[in-house]
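**Q** Handing you this structure, nothing more for now.
Number of protein chains: 2
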Amino acid sequence: MPGYKIGELAERTRTNAPTIRYYEEIGLLPRPERQEGNQRRYAEDDVRRLTFIRRCRAFGFSIDQVRALVELVQDRTRSCAEARDLAHTHLMDVRAKLRELKALEKSIAGFVATCDAQCAGGPGSECVILDELATIEPAGNRACCESAV
Amino acid sequence: MPGYKIGELAERTRTNAPTIRYYEEIGLLPRPERQEGNQRRYAEDDVRRLTFIRRCRAFGFSIDQVRALVELVQDRTRSCAEARDLAHTHLMDVRAKLRELKALEKSIAGFVATCDAQCAGGPGSECVILDELATIEPAGNRACCESAV
DNA sequence: TTACGAGTTCAAGTAACTTGAGGTTCAAGA
DNA sequence: TCTTGAACCTCAAGTTACTTGAACTCGTAA
Numbered sequence: 001m002p003g004y005k006i007g008e009l010a011e012r013t014r015t016n017a018p019t020i021r022y023y024e025e026i027g028l029l030p031r032p033e034r035q036e037g038n039q040r041r042y043a044e045d046d047v048r049r050l051t052f053i054r055r056c057r058a059f060g061f062s063i064d065q066v067r068a069l070v071e072l073v074q075d076r077t078r079s080c081a082e083a084r085d086l087a088h089t090h091l092m093d094v095r096a097k098l099r100e101l102k103a104l105e106k107s108i109a110g111f112v113a114t115c116d117a118q119c120a121g122g123p124g125s126e127c128v129i130l131d132e133l134a135t136i137e138p139a140g141n142r143a144c145c146e147s148a149v
Numbered sequence: 001m002p003g004y005k006i007g008e009l010a011e012r013t014r015t016n017a018p019t020i021r022y023y024e025e026i027g028l029l030p031r032p033e034r035q036e037g038n039q040r041r042y043a044e045d046d047v048r049r050l051t052f053i054r055r056c057r058a059f060g061f062s063i064d065q066v067r068a069l070v071e072l073v074q075d076r077t078r079s080c081a082e083a084r085d086l087a088h089t090h091l092m093d094v095r096a097k098l099r100e101l102k103a104l105e106k107s108i109a110g111f112v113a114t115c116d117a118q119c120a121g122g123p124g125s126e127c128v129i130l131d132e133l134a135t136i137e138p139a140g141n142r143a144c145c146e147s148a149v
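If you want it as structure tokens, here you go:
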């Protein structure tokens with residue numbers, strides 16, 4: 001039997017089999033050939049395509065963005081510059097998220113540190129930090145509440 | 001009429017009204033009093049509680065984690081140290097995500113730079129980067145594919 | 001031949017809300 | 001007092017990107 005079974009494709013691309021069927025359903029992957037017993041058989045090209053898709057997903061591109069990228073690769077009339085621009089837009093998004101996450105890291109680290117320094121380990125209702133989290137107007141300039149919300 | 005209407009609570013806590021109803025439905029917020037026309041009326045305590053919830057969510061805690069935190073605040077028999085530990089666990093998660101995102105940023109930036117330097121802007125099917133993304137075994141040590149997957 | 005793992009389909013579940021439909025209530029202006 | 005329109009109500013379905021479950025068939029090794 002030539003070609004890969006779904007489990008083999010899954011292994012090669014580190015994807016779950018149901019995810020592969022899902023990609024087929026939403027049209028990200030073409031419907032593959034079936035062997036006599038109705039089982040899917042994939043070719044080398046499917047491995048490449050799915051690898052591409054998974055890698056893009058790992059890069060944080062949304063399914064719709066990946067779809068655009070896949071179509072772009074397929075369509076000889078469209079330029080590589082489009083892919084570059086899509087990636088560039090995505091880069092801006094990632095950088096914004098990175099900034100947020102850094103602020104968040106700082107805040108939570110501050111939370112833990114303050115808790116270590118100021119709380120006696122008593123009931124949660126007396127915890128200075130939990131109390132602060134519930135405060136409507138963030139008092140002063142505590143790093144803890146700066147980036148929240 | 002004493003108390004806040006849902007729209008007022010929403011404004012004070014920068015939350016959508018449907019989200020407030022949703023939180024009530026899943027038991028994160030207690031069922032509020034209703035006035036004669038069946039409209040919800042909230043007290044100051046609800047503002048505090050929802051502020052707490054929203055802030056925790058902004059900190060990236062999951063609904064389940066927030067639920068644990070809320071219960072912790074309410075239960076006088078449980079210690080503040082539990083909150084600290086929960087936050088600490090969360091901090092580790094955030095740091096892991098931060099590392100991933102940094103690698104991702106580097107990779108996409110590399111993608112864009114390589115595209116600027118090497119692609120002639122021709123058809124996507126000839127783009128060196130798109131081509132690389134579809135390559136099964138990442139060739140060499142290009143930063144582009146290192147962190148993906 | 002008989003297990004049993006791997007495959008099949010279809011439906012429903014997941015998180016954390018958002019959106020829509022269709023109907024009431026409230027508050028302010030004429 | 002009436003009327004209008006914003007804000008409220010409930011219930012259901014949509015969103016994203018899959019995952020999980022049920023109930024069944026197929027392929028292959030002992």
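Read top to bottom, the protein sequences are chains A and B. So the first sequence is numbered by the numbering used here: it starts at 1 and just counts up by one. So the second sequence is numbered by the numbering used here: it starts at 1 and just counts up by one. Built from N, CA and C at the ideal position, the CB exists for glycine as well.
DSSP three-state label for residue 40(B), please.
**A** The answer is strand: DSSP assigns residue 40(B) an E or B state.
**Q** Looking at C-beta atoms only, is the number of pairs between the stretch 38 to 58 of chain B and the stretch 78 to 91 of chain A that lie closer than 8 Å three or more?
**A** no
**Q** Here's a check: name, in chain order, each residue in its chain whose Cβ is nearer than 6 Å to the Cβ of residue 42(A), leaving out the five neighbours to either side.
**A** 3, 4, 9 and 32
**Q** Can you give me the start and stop residues for the alpha helix (DSSP H) that residue 123(A) sits inside?
**A** Run containing residue 123(A): none; DSSP gives neither H nor E here.
**Q** Would residue 126(B) pass as a contact of residue 115(A) if the rule is Cβ separation under 8 Å?
**A** no
**Q** Could you tell me the distance, in whole angstroms, from the CA atom of residue 56(B) to the CA atom of residue 73(B)?
**A** Here the alpha carbons of residue 73(B) and residue 56(B) stand approximately 13 Å from one another.
**Q** So who's on the other strand from residue 79(A), going by DSSP bridges?
**A** DSSP output for residue 79(A) lists 123(B) as bridge partner(s).
**Q** Against chain B, which members of the stretch 106 to 117 of chain A pass a CB distance test of less than 9 Å?
**A** Answer in chain order: 107, 108, 109, 111, 112, 115 and 116.
**Q** Could you name the residues of the stretch 74 to 98 of chain B whose beta carbon sits closer than 8 Å to any beta carbon of chain A, in the order they occur along the chain?
**A** Close to chain A, meaning a Cβ-Cβ distance shorter than 8 Å, are the following residues of the stretch 74 to 98 of chain B: 74, 75, 76, 77, 78, 79, 80, 81, 82, 83, 84, 87, 88, 90, 91, 94, 95, 97 and 98.
**Q** Would you kindly report the start and end of the unbroken alpha helix (DSSP H) that includes residue 134(A)?
**A** Here residue 134(A) belongs to no alpha helix (DSSP H), and DSSP marks it neither H nor E.
**Q** Look at the Cβ atom of residue 133(B), then the Cβ atom of residue 94(A), and state whether they are nearer than 8 Å.
**A** Residue 133(B) places its beta carbon 8 Å or farther from that of residue 94(A).
**Q** Can you give me the C-alpha to C-alpha distance between residue 12(B) and residue 58(B), rounded to a whole angstrom?
**A** 16 Å
**Q** At what residues does the alpha helix (DSSP H) containing residue 35(A) begin and finish?
**A** Careful: residue 35(A) lies outside any alpha helix (DSSP H) and carries neither H nor E.
**Q** How many angstroms separate the CA atom of residue 85(A) from the CA atom of residue 29(B)?
**A** 44 Å
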